[in-house]
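Right, one structure below, let's go through it.
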Amino acid sequence: PLRLPPLPTGSRPFAAGEVLRYAVTFQGFTAGEATLAVLGPATIGPQSGLLVRYTADSRGIVAAFYRLHDRVEALLDPLFLFTRRYESWIEQGRRRRHRIVTFDPAAKRYVQTEEGGDTTTGPLDRDVVDGLGLVYHLRVKPLQAGARLTVPVFRRREAALVTLGAAGPVTVSTPAGRFETLEVKPAAPEGPRPRASGDDGGLLGGTATIWFTTDPRRIPVRLAGSGKAGSIEARLTAIELPTVRAGDGKIP
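Note that this note's numbering numbers the sequence shown so that position 223 is 216, with each residue one more than the last.
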């Protein structure tokens, strides 16, 4: 398996400038590409934190009958990486949507604004992560084979407690190389299996399976799930790592 450069002492698994690129398949056919990127510290309105971005775009023959052009940005609190704000621009087939959600656990509420100005305010009794923030939230957790982790994930206007289980090690082959990973997926729910939020095409949000490298960087090298239109999978094609010095990105 491919070995990545070691992390400097005291650093988080990721830092501003990291870009992960993926080849996406839909129903087994080559469909396009996706990226996960750490943009860095940012302030949006009254909120500050770490800004991360997910993009997905259809390519080739799939784009001819199903257009996919998604962008999601999440602002994460710098200490525990819970989501303070996320914004999504979604184009999936004929469906288009622009949405902003802000979270204020201290005031016990969230505010969701849709394109056109329609605003919904709802209750919020805890810190939460959105589907994109969940990926980075998991990367700083002490994952190990056999472990279970419950995370409050916001989707469909409510916070759902999602229990994830880790198994491995599993060797995963991708265009970027072969990696030793931990497979992290939702544990069998007692009730109906939760559905994807629609803001992620089925790859994020606690409904997908994600394979993280076992090294300290915890890079997600493969993601697999299902959206409204069918099964979707992303495999790593390239890794762009920033130059990180000792202590960069460490927990304050």
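No residue lacks a Cβ here, since even glycine has one placed at the ideal position from N, Cα and C.
In this text, all values refer to a predicted model and were calculated from it rather than measured experimentally.
Asked: Minimum Cβ-Cβ distance from valine 45 to chain C less than 8 Å; Found: Absent here is chain C; the protein component of the structure consists of one chain.
Asked: Local conformation of glycine 158 per DSSP, three classes; Found: strand
Asked: According to DSSP, residues forming a beta bridge with glycine 33; Found: Leu44
Asked: Proximity test, valine 128 beta-carbon vs the ligand MG heavy atom, cut-off 7 Å; Found: This structure lacks the ligand MG, and indeed carries no ligand of any kind.
Asked: Threonine 230 beta carbon less than 8 Å from that of alanine 169; Found: yes
Asked: Neighbourhood of threonine 143 by C-beta distance below 6 Å, restricted to the same chain and skipping five residues each side; Found: Leu154, Thr156
Asked: Sequence-distant residues of the same chain with beta carbon closer than 6 Å to alanine 9, five excluded per side; Found: Val31, Gly33
Asked: Residue range of the unbroken alpha helix (DSSP H) whose run includes glycine 124; Found: 124 to 132
Asked: Buried or exposed (CB count within 10 angstroms, at least 16 for buried), alanine 100; Found: exposed
Asked: For valine 214 and valine 177, the rounded distance between their alpha carbons; Found: 12 Å
Asked: Assigned secondary structure, alanine 152 (DSSP; H/G/I helix, E/B strand, else coil); Found: strand
Asked: 8 Å CB neighbourhood of arginine 141 in its chain, flanking five on each side removed; Found: Thr156, Leu157, Gly158, Ala159, Ala180
Asked: Cα-Cα separation, aspartate 257 to threonine 76; Found: Any property of residue 257 remains undetermined from this structure, which presents the chain solely from -6 to 245.
Asked: Beta-carbon contacts of glutamine 137 that lie in its chain and below 8 Å, excluding the five residues immediately before and after; Found: Ala159, Leu175
Asked: Local Cβ density within 10 Å of aspartate 123, reported as buried at 16 or more and exposed below that; Found: buried
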